[in-house]
């Protein structure tokens, strides 16, 4: 099945409302057929186009480059749509990260002469990489295919939870090889590989482990790989030069070119002769050991039926995506289901079939009765992606919470993950946003975890004084900028996290804890500067830091990946109080308008990664803004929210490869899209409430896990009717800032009626 | 209990025979009291003086220096007797190695100001190291004490199998600290630490793991440590500079100075305030994980009674050493029991209480019903140390064989260990001498292992074509020097190993295998050059390599740590054939005499480590010569053997710190001493026979594990009666080159009668 070349940009709101004009492409194979993994692979989206299943351990995808970490921002997903060559296929990727790592176990099929280095993408034939054309690519949920034109090899990938499947069809007349390059990874740099082993076992299984000092340092990743065709010859190389000390291994007493090799720059070349049928490769990984990788491969990688694996992957995606039946044009469905797809690529399973996983203490642990998941981009996903999954997948949300608690219990610091993957901590970004993830899940009714242990873990994280100057925050009520960078944003985020903790404590009847953290949640006031009208960082002696420029962003400022314009809206736990502090509704709305309408030269952010998707000062490409458009609702101007949402949907999302205006951030950008398309958004996760915006699809039916269905219907939805005339839940008018999760969970119909003009003009 | 300063040199043979002149020092506490761990800690012996129990995992000893690997040969045991300072106490050491590593988990007690670097030994106060005096040292089997004079700290060490115990008595008025330096190790060099973690747990337990690229690269060693006094403050440091990439860890977002730290240059400082009682420290290690180290500490490190631990260690040594009751002077007993002590320091336990160990594939395995031992200096210990243990400790020998088989089954190459420790392979030295270790054990009647699996492992090792050019050896019958270094010695050693394999195969009724390897065992003939009268390496086209100098040794020659004079006697599997090839008894004896009597300038070996203990060309300090003196017996000149043995015992061993003329090599030098003192030696391990020399102690009773006793008595033994007049076993004359192991195992009495003149002069 060959996918058509990419559709021209069709903003969702341009599509016809209520009726679907035609049968969407691939509708016969379910919602998975509407997924276009190309979206986000160009521009700043940083998604990957390869094959995976929901929350799978294996994310097998082509890599076009793995540059030096100073030049790798664009390649955080391993693939950039405009790159001319593919250097290989690796088994682990982040979907839409701003920083990166992974790209583990890179393999490249080679027909004919084998070159051992990838070479220069601008110089064909200079290395093992190959040119390719987008015309020869097929991207589907769970499948990726491409022709490697330098070798005339048809490469295909699919995956299940723990096994990546490759099918390489070689030209008949040329010797077939598979190169395994165990040196590079995404965000690469010399010395990143601390140690590695490669081994060819008696039964032909290739295994290895590699320890890298990347984003999460000291990371161990092992694999086991098998081939469908007999191995004729093989060679293992250690490409290291200037090894300080090799012990007594002399040139002749060097068995490493045989069955195994160790070192810091290993490669393996596996030779199959000329083949009259495709070479299949299957690979399992493990964060623990080669033995576990083999067990994973044994248990979840049986047989050699690539097509059956691909069909299973499609079925898995169809099952996962059909939780929401969405109506609309093919383009609308593509954007919607691709966004859903993108919300299901993290966290990922990080546990072997025997239950073993690696924790933040680098030790091996055994998950007792749950699945351990990692890949926690928490600063991003606590906002909408995790609330979405708590709504749609309470079964999984429960596993996620158990994984977070386990991580906290395994942590040498006794804290919940901050930005963790494969069980290890990176300490990236700010806040302790595992706290609102857990609080939100609990208040959304997710159960199946030890709430007491969860609360203990949350308090432990929120009081770990060595982290992000919590010591001063707890004493002074704010993070002083002379002692800790980004003091304003940290204070704001801590205060919100504290509030979410208090909500869960309250719900559990732990009034002491609730009281303490309710109090802490008002700390946002300590960084509010009524004079300038912005949230600002204070010095430890109490004064605001000067000079102050509300436009400046980046390292050294008061804020995390933002400026005063972008960060000053961050009081989701008490928006009315914030509006009041800002001078009341009219002033608040005027300030919001200024946020969106000020003419800003994007060049001022050219040295700040992540601030993308600009509308005035508003930066939809980064998370601090994600709740902001909905704030108009609180100030009595919901039609302005509706305007802004349309503006954002029209300009920041499309069905093109560059269709994400910023890093997808492990599904957060896409979760914003899903919620917004459905007409509501979790401005305050853990409040158990949503704020109503406006829908962008005519109808969506959510099949809740409790057996009920919740339907969103939008009458008269089209580009000419961008405003909400009325919105009712089961016939009753909805409070726009208090649409309650439990009312959704009861099932029923959320009914929007759209109109042409804003209601205040009526 | 304070030991007297070291005794003046009293060669064993100077002592009075038959009667013990006085009660030996410490006789009231059993044979352990006769052990003097100082022997071998000076000069080339490379033993360590610290605390350990037989074959224990922990070998806790002071380190005087851990220099760069280019300057570290003298410090292979961490301690050199003439050094002026102690830099700390570490938990793992090799006893008498020629190369080295280990020195793991180095701690130093500090009173007062803490310096973070060891400083210069020649500049007092320049670092944390302290001066000490030998007058303030106490060394015993299982105990070490010293005063650290720069701090006025009394430091004491003891150990059991898996736990090292420290007792530090600080001056009362100064703050007490313990520094843990996780950076250095023995044979140190920049970059050797690949990765490490340190952690202070909630209960005060300190844990960590370190991966090093040393002699066995990629080695993981973890530990758990507890203190008897409450920790007041602690700091963890990462002393790395120029870290390429730290991820997002900024200065303020850096919790590593708190509960845990990771990196490549870690240190921990633990503060206890002023103490009015000693600080006790107990440490367990694990090759697997911190969790396992904790379990080891929990199970084998209970309580805080240092004196009880010390008493247990003494008891353990007394039990181990009292297998032989030896009579003689105090000096004789000291040398004899210290030699026995030195034969019990390897292999060492390398398995956690849960049965887990790390194998040569870097993976974690579980020992199924046996104890996994490692530290295999096989090129050395197959000669006499392992045969001695097969005789004295068949229970342990059986565990050793099971450990070897397990290693082979875990090996990525499918081979038995070559030179392995903590389960990992170094590929050091030549041959496949685990084969004769197993064959010797089997033929000595050791059971309790799977002989079929053992034979399979042996054949697998002997036919692994990539190792040491076995490919050519199997095809051509010798190792061609133009394809592989040291072709002559390799051919000789392979041929002997092959013969030992054949003996076991024959005993098991595997005649095909026996025939194949019997044939291979004659390959020594292919390196015998009748023209020059030496064993020499051939080129692949068949000619001997020229030019040829029988005196030259070292890298690039035909031999391994030796020259033609030293290596040309290596046909233990068929000495009569060798004598015949060399022209018969008279010529053979003359050549042996030339070996010992030629005047050789030791300076010609100044660039070759390990060739020490010279008598003419004969080098007792290295293993290729260890069987040579006994060869006179085969040529009908046993009195010449007796002369040479006295010459060697008189000049190559003493009770002084420099009392070992060469590296003890994990007990091989000492095992030679034991056998020779008893009057016989295993010239051909796996032959199940000994060659009779002459005894050096008047009486020794071996308490065999089968319940029988075997007694050696030497009448008229003194310096004036150095020759054997008669030797009988249970009254019957003994065949000097065929004293059978099974006759010893039957128990009885080996009765020497000594005389003044050589028998041929009678």
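Chains as they are written, first to last, in full-length UniProt numbering: chain A, 1 to 762; chain B, 1 to 762. Glycine is no exception: its CB is placed at the ideal position from the N, C-alpha and C atoms. Just so we're clear, the structure is a prediction, and the values are computed from it rather than from any experiment.
Which of the three DSSP states, helix, strand or coil, is assigned to residue i?
{"i": "residue 151 of chain B", "result": "coil"}
{"i": "residue 45 of chain B", "result": "helix"}
{"i": "residue 145 of chain B", "result": "strand"}
{"i": "residue 273 of chain A", "result": "strand"}
{"i": "residue 242 of chain B", "result": "coil"}
{"i": "residue 736 of chain B", "result": "coil"}
{"i": "residue 510 of chain A", "result": "coil"}
{"i": "residue 58 of chain B", "result": "coil"}
Less than 8 Å between CB atoms is the rule here; does residue i satisfy it with respect to chain B?
{"i": "residue 258 of chain A", "result": "yes"}
{"i": "residue 523 of chain A", "result": "no"}
{"i": "residue 100 of chain A", "result": "no"}
{"i": "residue 194 of chain A", "result": "yes"}
{"i": "residue 491 of chain A", "result": "no"}
{"i": "residue 252 of chain A", "result": "Low confidence applies here, because residue 252 of chain A scores a pLDDT of 36, under 50, leaving its location unreliable; read the following figure in that light. Chain B, which has a Cβ nearer than 8 Å to the Cβ of residue 252 of chain A, makes this yes."}
Excluding the five sequence neighbours on either side, which residues of its own chain have a C-beta within less than 6 Å of the C-beta of residue i, listed in chain order?
{"i": "residue 477 of chain A", "result": "523, 526"}
{"i": "residue 115 of chain B", "result": "127, 128"}
{"i": "residue 100 of chain A", "result": "76, 94, 186, 187"}
{"i": "residue 181 of chain A", "result": "106, 267"}
{"i": "residue 23 of chain A", "result": "Note that residue 23 of chain A has pLDDT 34, beneath the 50 cutoff, so the model's placement of it is unreliable and the number below is only indicative. Cβ within range, chain order: n/a, list empty."}
{"i": "residue 465 of chain B", "result": "471"}
Leaving aside the five residues before and after residue i along the sequence, list all residues of the same chain whose C-beta is less than 8 Å from its C-beta, in chain order.
{"i": "residue 232 of chain A", "result": "271, 272, 273"}
{"i": "residue 510 of chain B", "result": "455"}
{"i": "residue 490 of chain B", "result": "430, 431, 468, 469, 473, 479, 484, 560"}
{"i": "residue 500 of chain A", "result": "435, 436, 439, 440, 573, 685, 686"}
Please confirm whether residue i has its beta-carbon closer than 8 Å to some beta-carbon of chain A.
{"i": "residue 197 of chain B", "result": "yes"}
{"i": "residue 262 of chain B", "result": "yes"}
{"i": "residue 466 of chain B", "result": "yes"}
{"i": "residue 22 of chain B", "result": "Residue placement at residue 22 of chain B cannot be trusted, given a pLDDT of 35 that sits under 50; the coordinates are not used to answer."}
{"i": "residue 463 of chain B", "result": "no"}
{"i": "residue 211 of chain B", "result": "yes"}
Among residues of its own chain, excluding the 5 on either side of residue i, which ones have a beta-carbon nearer than 7 Å to its beta-carbon?
{"i": "residue 748 of chain A", "result": "710, 729, 730"}
{"i": "residue 294 of chain B", "result": "205, 207, 224"}
{"i": "residue 189 of chain B", "result": "68, 69"}
{"i": "residue 678 of chain A", "result": "695, 700, 712"}
{"i": "residue 618 of chain B", "result": "595, 596, 625, 628"}
Residue i: beta carbon under 7 Å from a heavy atom of the ligand MG?
{"i": "residue 35 of chain A", "result": "Among the components modelled here there is no ligand, and therefore nothing to report on the ligand MG."}
Inset, instruction - Could you name the residues of the stretch 382 to 415 of chain A whose beta carbon sits closer than 7 Å to any beta carbon of chain B, in the order they occur along the chain? - result: If the cut-off is 7 Å between Cβ atoms, the stretch 382 to 415 of chain A has 412, 413 near chain B.
Legend entry - Interface residues of the stretch 358 to 374 of chain A facing chain B [CB-CB below 8 Å]: Answer in chain order: 361, 362, 363, 364.
Inset, instruction - May I ask you to list, following chain order, the residues of the stretch 279 to 296 of chain A that have a beta carbon less than 8 Å from some beta carbon of chain B? - result: Within the stretch 279 to 296 of chain A, the qualifying residues are 289, 290, 291.
Legend entry - Those runs of the alpha helix (DSSP H) which lie wholly inside the stretch 80 to 124 of chain B and span at least 4 residues: Within the stretch 80 to 124 of chain B, no complete alpha helix (DSSP H) segment of 4 residues or longer occurs.
Inset, instruction - Note down, one range per segment and in chain order, each alpha helix (DSSP H) of at least 4 residues found wholly within the stretch 545 to 604 of chain A. - result: Counting only runs of 4 or more residues that sit fully inside the stretch 545 to 604 of chain A, the alpha helix (DSSP H) segments are 564 to 567, 575 to 581, 585 to 597, in chain order.
Inset, instruction - Taking a Cβ distance cut-off of 8 Å, strictly less, list which residues of the stretch 631 to 656 of chain B are near chain A, in chain order. - result: Against chain A - using a Cβ distance shorter than 8 Å - the stretch 631 to 656 of chain B contributes no residues.
Inset, instruction - Taking only beta carbons into account, state which residues of the stretch 218 to 232 of chain A come closer than 8 Å to chain B, listed in chain order. - result: Those residues of the stretch 218 to 232 of chain A that come within reach of chain B (Cβ to Cβ, closer than 8 Å) are 218.
Legend entry - Segments assigned beta strand (DSSP E), at least 3 residues, entirely inside the stretch 416 to 452 of chain B: Every beta strand (DSSP E) of 3 residues or more that sits fully in the stretch 416 to 452 of chain B is shown, in chain order, as 419 to 421.
Legend entry - Against chain A: residues of the stretch 50 to 66 of chain B by CB proximity under 8 Å: Within the stretch 50 to 66 of chain B, no residue has a Cβ that lies closer than 8 Å to any Cβ of chain A.
Legend entry - Uninterrupted beta strand (DSSP E) stretches inside the stretch 169 to 196 of chain A (no shorter than 3 residues): Counting whole runs of 3 or more residues, the stretch 169 to 196 of chain A contains the beta strand (DSSP E) stretches 176 to 181.
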